[in-house]
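Visitor:
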Amino acid sequence: MTVHVGLGHMLGVAETDLVVDGFVSGKAINYLISHWWRSGSADELTSSYLLPCWIALFQLGRDTGVCRADLLAQLLSSQAGRRIQQYTSSNLSPVAGDVEALRDLLMRSEAVEFSVETETHQGRAYWWEVEGSHLDLVRGLVEQHGVRALAGKLSLLELIASMSSGPEVGWAIEALRKAKGTLHVHRSMPGGWPGPGLTDIPSWVRDVVTVNGARMFNTSAGYVSAWMFVAETDEELHAVNRWSYAPAMGLDLDQDQRGVTFVVPLEFGPADTGYLTYHYNVTNASSLNWLRALLAVGVLRIEVYRLDPSSRLQYVTSFGFLLPEEIREAGRAIVSDLLAASGEPSWFTPMAALDGLTYMRQIERTFFENLAVCAPELDRASSVGIAYRHRLQILKSATADWFRGAAVDDRLLSEATEKLRIEVSKSTREALEPLPIENLGPGRAIVQFVATLDAPLTLRAYTAYVDDETQLHYETFEFSAELDLSQLPDDLEELTAYLAEGLRRLREIQEKGIKFAVVSAGAGIYNLPFHEALLALGFEEASFTHRVESLLPRPAVDGAGDSLVLGFSGEGASHIPAVDTEVAIVRSITQAAHNDDFHTGPLPSVVHLAGHARTGSREYEVGIQLGPAAPLSAAAVMLDLDLSETDVVFLSACSTGAGDFPVGELIGATPLDVTFIEKGAQVVISTSAPIDDLIACFYASIFHSALAGGTSVWESYRVARAATASASVPDDMHALHELLASQWPTWKDDIMARNRVSPGQWRLFRISGRHW
Numbered sequence: 019m020t021v022h023v024g025l026g027h028m029l030g031v032a033e034t035d036l037v038v039d040g041f042v043s044g045k046a047i048n049y050l051i052s053h054w055w056r057s058g059s060a061d062e063l064t065s066s067y068l069l070p071c072w073i074a075l076f077q078l079g080r081d082t083g084v085c086r087a088d089l090l091a092q093l094l095s096s097q098a099g100r101r102i103q104q105y106t107s108s109n110l111s112p113v114a115g116d117v118e119a120l121r122d123l124l125m126r127s128e129a130v131e132f133s134v135e136t137e138t139h140q141g142r143a144y145w146w147e148v149e150g151s152h153l154d155l156v157r158g159l160v161e162q163h164g165v166r167a168l169a170g171k172l173s174l175l176e177l178i179a180s181m182s183s184g185p186e187v188g189w190a191i192e193a194l195r196k197a198k199g200t201l202h203v204h205r206s207m208p209g210g211w212p213g214p215g216l217t218d219i220p221s222w223v224r225d226v227v228t229v230n231g232a233r234m235f236n237t238s239a240g241y242v243s244a245w246m247f248v249a250e251t252d253e254e255l256h257a258v259n260r261w262s263y264a265p266a267m268g269l270d271l272d273q274d275q276r277g278v279t280f281v282v283p284l285e286f287g288p289a290d291t292g293y294l295t296y297h298y299n300v301t302n303a304s305s306l307n308w309l310r311a312l313l314a315v316g317v318l319r320i321e322v323y324r325l326d327p328s329s330r331l332q333y334v335t336s337f338g339f340l341l342p343e344e345i346r347e348a349g350r351a352i353v354s355d356l357l358a359a360s361g362e363p364s365w366f367t368p369m370a371a372l373d374g375l376t377y378m379r380q381i382e383r384t385f386f387e388n389l390a391v392c393a394p395e396l397d398r399a400s401s402v403g404i405a406y407r408h409r410l411q412i413l414k415s416a417t418a419d420w421f422r423g424a425a426v427d428d429r430l431l432s433e434a435t436e437k438l439r440i441e442v443s444k445s446t447r448e449a450l451e452p453l454p455i456e457n458l459g460p461g462r463a464i465v466q467f468v469a470t471l472d473a474p475l476t477l478r479a480y481t482a483y484v485d486d487e488t489q490l491h492y493e494t495f496e497f498s499a500e501l502d503l504s505q506l507p508d509d510l511e512e513l514t515a516y517l518a519e520g521l522r523r524l525r526e527i528q529e530k531g532i533k534f535a536v537v538s539a540g541a542g543i544y545n546l547p548f549h550e551a552l553l554a555l556g557f558e559e560a561s562f563t564h565r566v567e568s569l570l571p572r573p574a575v576d577g578a579g580d581s582l583v584l585g586f587s588g589e590g591a592s593h594i595p596a597v598d599t600e601v602a603i604v605r606s607i608t609q610a611a612h613n614d615d616f617h618t619g620p621l622p623s624v625v626h627l628a629g630h631a632r633t634g635s636r637e638y639e640v641g642i643q644l645g646p647a648a649p650l651s652a653a654a655v656m657l658d659l660d661l662s663e664t665d666v667v668f669l670s671a672c673s674t675g676a677g678d679f680p681v682g683e684l685i686g687a688t689p690l691d692v693t694f695i696e697k698g699a700q701v702v703i704s705t706s707a708p709i710d711d712l713i714a715c716f717y718a719s720i721f722h723s724a725l726a727g728g729t730s731v732w733e734s735y736r737v738a739r740a741a742t743a744s745a746s747v748p749d750d751m752h753a754l755h756e757l758l759a760s761q762w763p764t765w766k767d768d769i770m771a772r773n774r775v776s777p778g779q780w781r782l783f784r785i786s787g788r789h790w
């Protein structure tokens with residue numbers, strides 16, 4: 019049953035379908051999969067000949083009468099049995115056996131005396147190591163006459179045992195013994211592989227999809243070699259299904275001589291082929307041992323998942339197949355050659371800095387994957403660009419419907435999403451380059467925060483920077499002991515203090531000359547005030563970015579100093595008088611024209627927008643109301659606005675920089691501040707939560723007054739924070755004193771009162787983009 023369960027699991031059979039009534043329970047199956055096969059505890063020789071062993075044990079149990087007929091019938095009719103029968107023409111009838119061969123086997127066994135008083139490996143005695151034993155004699159015959167000559171005279175088990183000293187078998191046994199050292203508990207324990215339900219997905223799989231952005235990934239554990247594929251369209255699912263009936267693959271040696279890549283062709287239609295690729299790095303100990311186990315066992319499990327139109331991950335199915343012998347032979351030869359040249363890799367080799375930057379680039383890409391892949395194609399006549407523009411048009415209309423309370427046609431959006439994913443899946447994606455941290459400049463680090471379910475809910479930080487001696491650094495931090503993400507304080511100031519205390523180990527990079535931090539945050543933690551925590555730790559500046567590539571410096575443009583100020587205070591019960599006051603004050607400070615809408619062409623240097631904003635979990639639930647007509651949605655920003663000459667955008671409304679992104683799901687809806695950066699704005703001031711309208715009005719007044727006076731963006735931001743916290747206007751802002759006295763004579767009492775009711779609201783404002 020151990021062999022039956024192991025082989026069935028590798029062939030993709032669910033554990034519920036491996037249950038054999040009256041013989042092995044679900045609990046026992048879980049134990050065998052976890053502690054025997056996924057932990058690499060099974061016998062190496064048996065594992066190297068898993069299918070022949072299953073056949074031999076079935077026939078032996080049948081022919082000796084040890085196995086009952088009902089057990090044999092259940093084994094054959096089970097999911098595993100049906101899949102196994104596809105790979106053999108052996109006689110697997112539950113009632114017929116070769117009695118003469120059996121009698122001959124028993125006579126040979128009885129004719130030879132042997133002793134088990136011999137050296138053992140991990141407590142197991144190998145009979146072929148005993149001189150004069152039955153299997154020792156059989157092995158001598160095989161070595162003298164060859165396997166083919168004795169194939170009809172020896173049992174399958176005898177043949178397997180007698181080949182234990184051959185070069186291929188010796189390679190396999192040694193490979194599996196080394197693979198025992200690669201133990202990933204989260205993959206080997208129950209729950210480390212998918213269950214039968216759509217949502218029975220291991221947390222670590224969710225992490226590699228939603229945090230690392232994996233669509234093709236190695237999910238091996240112990241002796242179970244497995245690949246994961248995440249389909250984004252029905253076309254991809256159909257192509258994988260077709261491939262499963264006639265699996266084929268190629269094996270390529272990497273150009274850098276560091277590993278191998280398996281290439282799987284998927285046929286989408288006539289002359290329309292896509293490829294899945296699975297890479298093994300021979301210079302990495304874990305990756306090397308996964309490759310060894312695959313080549314030694316020769317059975318590959320495929321797990322298929324699906325991202326639905328809402329970017330939620332679902333489990334679809336698992337299946338398996340036997341690796342072609344020519345692939346195994348080629349793989350063994352390549353591994354042997356590479357190791358002969360480079361030697362066995364060390365388990366404790368730290369990740370190289372450039373590799374770390376590539377890993378961070380991969381994580382960054384998952385934060386807003388549609389933007390990363392599709393935004394560069396927006397203005398091009400490519401199939402992806404056309405499909406992306408169409409989807410944005412659907413989103414723009416859906417947001418308008420949602421804001422006015424009308425029903426949203428989810429069918430149109432799903433169709434547009436499916437069409438875009440089809441075009442993206444057919445396009446060629448360039449290899450990921452390392453994160454371009456040269457955009458940061460000296461003394462500034464990128465700090466990438468991610469939350470993973472695997473631990474569970476562990477906060478990690480990946481950091482990268484260049485020190486004063488131009489040396490590149492990549493460092494990782496884990497805060498599972500310091501921070502409990504499931505019990506964060508609700509109070510904003512308490513939350514800031516809790517984060518600052520929990521993240522204090524980041525002071526280590528301060529000690530290396532890093533004074534400034536740029537934060538990039540993932541799902542589940544996107545709205546946390548990391549900027550406040552880092553400032554509390556002593557960093558001089560802390561801002562945000564969704565994409566380091568957007569932090570490139572931009573030369574000055576003609577027309578700098580122009581501004582556009584738009585706002586809508588709402589109607590009826592939704593009217594916000596402070597918005598009218600804010601628009602009047604900011605227009606006076608910036609000397610903006612009284613425009614009621616956006617004009618065509620590039621927008622001016624400074625753009626200020628105020629009004630009602632909404633941010634939800636669905637993509638069409640993001641926008642700001644700037645008039646009684648349709649809102650300015652995230653999709654409309656991408657489609658209609660040109661900010662290539664805009665230095666600063668101030669989004670004075672609720673949650674304009676926030677996102678509703680649960681841990682374990684892909685980031686789908688794009689916050690407003692991100693879209694403005696994507697369309698060319700250098701800096702965006704936004705809010706990470708609902709903001710008090712009077713606090714927003716005063717904060718914006720201080721910020722624009724400082725900026726108009728020639729102060730830098732960061733210093734204007736800092737002055738606005740301090741002034742709002744103290745409910746005071748800096749003495750040198752004489753014009754603003756007069757403006758507030760005429761437009762808002764009760765400003766000081768109002769701000770003091772709001773600070774008493776909701777202290778620290780000014781902390782909700784955050785800077786995104788290149789402000790330096």
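Each residue of the sequence shown is one higher than the one before, starting from 19 at the first, in the numbering used here. Virtual Cβ for every residue (Gly too), placed ideally from N, Cα, C. Note that this is a predicted model, so its numbers are computed, not measured.
#1: If you follow the beta strand (DSSP E) that TRP245 is part of, which residue opens it and which one closes it?
#2: Could you pull the DSSP bridge partners for GLU637 from this structure?
#3: Tell whether a beta-carbon distance below 7 Å holds between SER561 and HIS789.
#4: What separation, rounded to the nearest whole angstrom, lies between the Cα atoms of ARG205 and ALA654?
#5: Can you list, in chain order, the residues of its chain whose CB lies under 7 Å from that of HIS22, leaving out five sequence neighbours each side?
#6: For a minimum of 4 consecutive residues, which ranges assigned as the alpha helix (DSSP H) are wholly contained in the region 424-484?
#7: Are VAL278 and LEU284 touching if we call contact CB-CB under 7 Å?
#8: Going by other Cβ atoms of all chains shown within 10 Å of its Cβ, with 16 needed for buried, is LEU69 buried or exposed?
#9: Hey, how far is the Cα of ILE709 from the Cα of LEU458?
#10: Starting from TYR717 and walking both ways along the alpha helix (DSSP H), at which residues does that stretch end?
#11: For VAL692, which residues from the same chain have a beta carbon less than 6 Å from its beta carbon, with the 5 sequence-adjacent residues on both sides left out?
#12: With distances taken Cα to Cα, identify the nearest neighbour of GLU627 among SER108, ALA32, GLY423 and ALA671.
#13: For GLU285, report the span of its alpha helix (DSSP H) as first-last.
#14: For LEU25, which of helix, strand or coil comes out of DSSP?
#15: Check whether the region 387-404 touches the region 417-427, taking contact to mean three or more Cβ pairs, one atom from each stretch, closer than 8 Å.
#16: Please say whether THR20 and LEU50 have beta carbons closer to each other than 7 Å?
#17: When you compare only the Cα positions, how much space is there between LEU725 and SER606?
#18: Could you give the C-beta distance for VAL624 and THR608, rounded to a whole number, given that I count them as a contact under 8 Å?
#19: Compute the beta-carbon to beta-carbon distance between ALA699 and VAL667, rounded to the nearest angstrom, for a pair I have assumed lies under 8 Å.
#20: Any idea what DSSP makes of GLN332, helix, strand or coil?
#21: Pull up the distance between the alpha-carbon of VAL187 and that of ALA303, whole angstroms please.
#22: Quick check: the Cα distance between GLY281 and LEU294, rounded to an integer number of angstroms?
#23: Less than 7 Å between the beta carbons of LEU477 and LEU510, yes or no?
#24: Under DSSP, the alpha helix (DSSP H) around ILE506 begins and ends at which residues?
#25: Ignoring anything shorter than 4 residues, give me the alpha helix (DSSP H) runs that lie fully in the region 570-652, in order along the chain.
#26: Among SER581, VAL731 and LEU555, which one has its Cα closest to the Cα of LEU621?
#27: With H, G and I counted as helix, E and B as strand and the rest as coil, what does DSSP make of ILE320?
#28: Could you give the first and the last residue of the continuous beta strand (DSSP E) run that contains SER704?
#29: Return the CA-CA distance between TRP86 and SER43, expressed in angstroms with no decimal places.
#30: In whole angstroms, what separates the C-alpha of ASN773 from that of GLN505?
#31: Counting only the same chain and skipping the five closest in sequence on each side, list residues whose C-beta sits under 6 Å from that of ARG126.
#32: Expressed to the nearest angstrom, what Euclidean distance is found between the alpha-carbon atoms of ASN230 and PHE694?
#33: For a quick check, are the C-beta atoms of ALA60 and TYR241 less than 7 Å apart?
#34: What is the C-beta distance between THR688 and GLU639, in whole angstroms, given that I count them as a contact (C-beta under 8 Å)?
#35: Mark ARG398 as exposed unless 16 or more other C-beta atoms lie within 10 angstroms of its C-beta, in which case mark it buried.
#36: In whole angstroms, what separates the C-alpha of GLY338 from that of GLY686?
Guide: The structure says:
#1: 243-249
#2: None, per the DSSP bridge assignment.
#3: yes
#4: Their Cα atoms are separated by approximately 43 Å.
#5: TRP72, LEU93 and ALA98
#6: 428-444
#7: no
#8: Buried, by the Cβ-count rule.
#9: 30 Å
#10: 711-726
#11: HIS564
#12: Reading the sequence as shown, one finds Leu at residue 627 and not Glu. The residue with the shortest Cα to Cα distance from LEU627 is ALA671.
#13: That residue, GLU285, is in no alpha helix (DSSP H); its beta strand (DSSP E) goes 277-287.
#14: helix
#15: No, because fewer than three Cβ pairs between the region 387-404 and the region 417-427 fall closer than 8 Å, the two stretches do not touch.
#16: yes
#17: 13 Å
#18: Between VAL624 and THR608 a beta carbon distance of about 6 Å is seen, short of the 8 Å cut, so the two are scored as contacting.
#19: 5 Å
#20: strand
#21: Near 21 Å, if we compare the C-alpha coordinates of ALA303 and VAL187.
#22: In the sequence as displayed, the identity of residue 281 is Val instead of Gly. When rounded, the distance between both Cα atoms is 6 Å.
#23: Contact annotation: LEU477 and LEU510 have beta-carbon atoms that are not nearer than 7 Å.
#24: In the sequence as presented, Ile is not what sits at residue 506; that position holds Leu. Per DSSP, LEU506 belongs to no alpha helix (DSSP H) and is neither H nor E.
#25: Entirely contained in the region 570-652, the alpha helix (DSSP H) runs reaching 4 residues are, in chain order, 595-608.
#26: SER581
#27: strand
#28: 701-705
#29: In the sequence as displayed, the identity of residue 86 is Arg instead of Trp. When rounded, the distance between both Cα atoms is 17 Å.
#30: 25 Å
#31: With a pLDDT of 47 at ARG126, under the threshold of 50, the predicted position of this residue should be treated as unreliable, and no value is reported.
#32: 25 Å
#33: yes
#34: THR688 to GLU639, Cβ: 11 Å. No contact.
#35: ARG398 comes out exposed.
#36: 32 Å
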